[in-house]
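*Asks:* Protein sequences, first through last, are from chains A and B. FYI, the numbering for the first sequence is 175 to 288, going by our numbering. FYI, the numbering for the second sequence is 19 to 130, going by our numbering.
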Amino acid sequence: SQTIHQWPATLVQPVGSPLSLECTVEGTSNPNLYWYRQAAGRGLQLLFYSVGIGQISSEVPQNLSASRPQDRQFILSSKKLLLSDSGFYLCAWSARGNLRDEQFFGPGTRLTVL
Amino acid sequence: KQEVTQIPAALSVPEGENLVLNCSFTDSAIYNLQWFRQDPGKGLTSLLLIQSSQREQTSGRLNASLDKSSGRSTLYIAASQPGDSATYLCAVRGGSNYKLTFGKGTLLTVNP
């Protein structure tokens, strides 16, 4: 069966510090991968998605970047965090070629920028 | 631009009651619609996915319907239990891309 991992689970960082959040998927190959942010009082916002190694699409201009160094690894980064980067970050995957395109989510990372 | 609205924002019911959660979307040209459950501080759990050609999907006590022409979906929960308490999110996928557009969710509380 497929499993998706995210770490760390929680993170408190000062403004201006760098960020690296990691997501890995087990039990599937060539998945589509996604990063979402859930801010208080707002819906989930798609930040990035990737259909393959090194292929990243950005949905909104922002202070963040994403990379996919391996088939089942997706990383969210920032060089300098802003207060507005606080939120709950969720990684998700879907099977490429699956007509149902169902997305499955990880446990999330709670980021607080102080 | 697709917009997804969920009404009500919060709902409190006694245990055992049947209930309906509503989801509406502005662009009917969707590929599919997915219902999720989110427990506090946790990730999303996929409940049901309905393809644009389908009218409904069922899983246990859950039944989701889709009326694409009117831009509406409902999630019916039968015989609600306290363990059903969570936020329920509706998300639609456009016809030509990978993007899911989410509603803000309905916070359901089932009281014992």
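Heads up, the beta-carbon is just placed ideally off N, CA and C, and yes, glycines get one too.
Residues of chain A with CB closer than 8 Å to the CB of residue 132 of chain B, please, in chain order.
*Replies:* The structure shown does not extend to residue 132 of chain B, since chain B is modelled only from 19 to 130, so the question has no answer here.
*Asks:* Under 7 Å Cβ-Cβ, which residues of chain A neighbour residue 120 of chain B?
*Replies:* The contacting residues are 217, 218.
*Asks:* If the cut is a Cβ gap below 9 Å, which residues of chain B does residue 276 of chain A touch?
*Replies:* Correct list: 50, 52, 64, 67.
*Asks:* Excluding five sequence neighbours on each side, which residues of the same chain lie with their C-beta closer than 7 Å to the C-beta of residue 273 of chain A?
*Replies:* Low per-residue confidence applies at residue 273 of chain A: pLDDT is 42, beneath 50, and the placement is therefore not dependable, though the value from the model is reported in the following sentence. Around residue 273 of chain A: no qualifying Cβ.
*Asks:* Can you name the residues of chain B whose CB is closer than 9 Å to the CB of residue 264 of chain A?
*Replies:* 61, 62, listed in chain order.
*Asks:* Less than 8 Å between the beta carbons of residue 103 of chain B and residue 124 of chain B, yes or no?
*Replies:* No, the pair does not count as a contact, with Cβ atoms beyond the cut-off.
*Asks:* Below 6 Å CB to CB, which residues in the same chain sit around residue 277 of chain A once its five sequence neighbours on both sides are set aside?
*Replies:* Cβ neighbours of residue 277 of chain A beyond the five flanking positions: 266, 268.
*Asks:* By the 10 Å Cβ neighbour count, where 16 or more other Cβ atoms means buried, how is residue 120 of chain B classified, buried or exposed?
*Replies:* Residue 120 of chain B comes out buried.
*Asks:* Just verifying my parser: in three-state terms, what is the DSSP assignment at residue 101 of chain B?
*Replies:* Helix, per DSSP.
*Asks:* To which residues does DSSP link residue 205 of chain A through a beta bridge?
*Replies:* DSSP output for residue 205 of chain A lists A:269 as bridge partner(s).
*Asks:* Could you check which residue in B:27, B:38, B:23 has the C-alpha nearest to that of residue 97 of chain B?
*Replies:* Among B:27, B:38, B:23, the Cα nearest to that of residue 97 of chain B is on B:38.
*Asks:* For residue 205 of chain A, is the classification buried or exposed, using 16 other Cβ atoms within 10 angstroms of its Cβ as the cut-off for buried?
*Replies:* Per the 10 Å Cβ criterion, buried.
*Asks:* From residue 240 of chain A to residue 34 of chain B, what distance separates their C-alpha atoms?
*Replies:* Rounded to whole angstroms, residue 240 of chain A to residue 34 of chain B spans 45 Å at the Cα level.
*Asks:* Along the chain, where does the beta strand (DSSP E) containing residue 28 of chain B start, and where does it finish?
*Replies:* Run containing residue 28 of chain B: 28-32, per the beta strand (DSSP E) assignment.
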